[in-house]
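Q:
Protein chains in written order, with this note's numbering: chain S, 62 to 162; chain Z, 13 to 212.
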């Protein structure tokens with residue numbers, strides 16, 4: 062007996078909520094990045110669930126592209142973080158207040 | 013419940029048991045990422061979540077993507093995170109008791125709860141899944157999952173697939189440019205070398 066898709070969607074919604082809350086609460090840029098990964102994974106889980114519910118391989122293809130984009134995003138994001146840390150010793154997003162006008 | 017009864021339950025509902033265990037792993041890992049003081053611990057909790065998501069993928073006939081999830085996410089992305097954490101030396105404990113911006117944390121938690129409620133409400137009351145016929149090909153039926161996924165990507169999604177290769181090249185070039193030493197330092201160094209050459 063297979064698990065209904067609604068359970069997976071609920072799990073993905075909770076995972077997305079935790080990721081969004083963490084992104085808003087934490088000030089460490091690296092952990093904010095990890096929270097973005099959590100949200101991406103929640104969306105991937107919904108894609109896979111809908112692919113199974115609708116019997117459509119397109120959902121799985123979309124997850125493939127999300128994985129590629131996530132990898133590119135992490136590479137560029139961590140490059141930016143390294144460039145910032147080279148200039149200043151702060152570990153939080155609040156240390157980037159020089160960006161304000 | 014006796015051990016034999018528990019075993020019978022597990023063998024009768026294998027999907028439910030796998031789902032429940034993976035769901036607990038996912039939620040524990042997600043909470044660990046958000047609540048850990050140490051970034052290294054957060055990265056390791058992230059591995060737990062990613063692995064749980066891979067198990068849920070296997071539970072829903074997405075075998076290839078589960079393997080890719082473990083290899084790319086747990087194998088590459090988390091390692092990249094750990095490299096950056098350890099190279100930069102930011103693995104010291106961060107005090108999350110201190111709130112640098114007044115009222116920011118309660119507002120953030122309220123916003124997070126609102127997002128969660130909204131997503132669940134939409135999923136519950138709106139028929140986003142219309143149940144229309146598949147446009148990209150059937151998931152079930154004979155043949156391996158990886159064969160069908162490959163046929164889908166290399167026929168219907170061929171152009172987006174090639175665009176992703178461009179995206180990856182751009183990302184690599186961007187990472188190299190960002191990781192380079194600033195141009196000013198390089199020109200000063202070369203200028204210094206020329207000066208030394210003239211002096212000698």
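Glycine included, C-beta positions come from ideal geometry on N, C-alpha and C.
For residue 68(Z), collect the residues of the same chain with a Cβ closer than 6 Å to its Cβ; drop the 5 residues on either side in sequence, then sort them by chain order.
A: Closer than 6 Å at the Cβ level, and outside the excluded window around residue 68(Z), lie 34.
Q: Leaving out five residues before and five after residue 173(Z) in sequence, what residues of the same chain have Cβ atoms less than 8 Å from its Cβ?
A: Once the five neighbours on either side are set aside, the close Cβ partners of residue 173(Z) are 165, 166.
Q: What would DSSP say about residue 157(Z), mapped onto helix, strand or coil?
A: The answer is helix: DSSP assigns residue 157(Z) an H, G or I state.
Q: So the alpha helix (DSSP H) residue 85(Z) belongs to, where does it begin and stop?
A: Neither: residue 85(Z) is in no alpha helix (DSSP H) and is coded neither H nor E.
Q: Should residue 98(S) go down as buried or exposed, given a rule of 16 or more other Cβ atoms within 10 Å for buried?
A: Its Cβ being crowded by 16 or more others within 10 Å, residue 98(S) is buried.
Q: Using a Cβ-Cβ cut-off of less than 8 Å, list which residues of the region 79-95 of chain S approach chain Z; keep chain order.
A: Hits within the stretch, in order: 79, 80, 81, 82, 83, 85, 86, 87, 88, 89, 91, 92, 94, 95.
Q: Going along the chain, which residues of the region 112-128 of chain S sit with their C-beta nearer than 7 Å to a C-beta in chain Z?
A: So the close ones are 112, 113, 114, 115, 116, 117, 118, 119, 121, 122, 124, 125, 126, 128.
Q: In angstroms, rounded to a whole number, what distance separates the CA positions of residue 86(Z) and residue 37(Z)?
A: In a straight line, the C-alpha of residue 86(Z) is about 14 Å away from that of residue 37(Z).
Q: For residue 14(Z), does the count of other Cβ atoms within 10 angstroms reach 16, so buried, or fall short, so exposed?
A: Counting Cβ neighbours within 10 Å, residue 14(Z) comes out exposed, since fewer than 16 surround it.
Q: Figure out for me which residue from 179(Z), 98(Z), 148(Z) has the closest Cα to the Cα of residue 118(S).
A: When each option's Cα is compared against that of residue 118(S), the closest is 148(Z).
Q: Kindly list the residues whose CB is nearer than 7 Å to the CB of residue 109(S), restricted to its own chain and excluding five residues on each side of it in sequence; keep chain order.
A: These residues qualify, in order along the chain: 120, 121, 124.
Q: Would you say residue 167(Z) faces chain S, with C-beta separation under 7 Å as the test?
A: For residue 167(Z), the answer is no, since every Cβ of chain S falls outside 7 Å of its Cβ.
Q: Taking just the CA atoms, how far does residue 17(Z) sit from residue 131(S)?
A: Looking at the two C-alpha atoms, the distance is approximately 44 Å.
Q: Do you know how far the Cα of residue 19(Z) is from the Cα of residue 88(S)?
A: Their backbone Cα atoms lie some 46 Å apart in a straight line.
Q: Quick check on this structure: which residue in 28(Z), 175(Z), 55(Z), 43(Z) has the alpha carbon closest to the alpha carbon of residue 90(Z)?
A: Nearest of 28(Z), 175(Z), 55(Z), 43(Z) to residue 90(Z), Cα basis: 55(Z).
Q: Can you list, in chain order, the residues of its chain whose CB lies under 6 Å from that of residue 30(Z), leaving out five sequence neighbours each side?
A: Excluding sequence neighbours, residue 30(Z) sits near 71.
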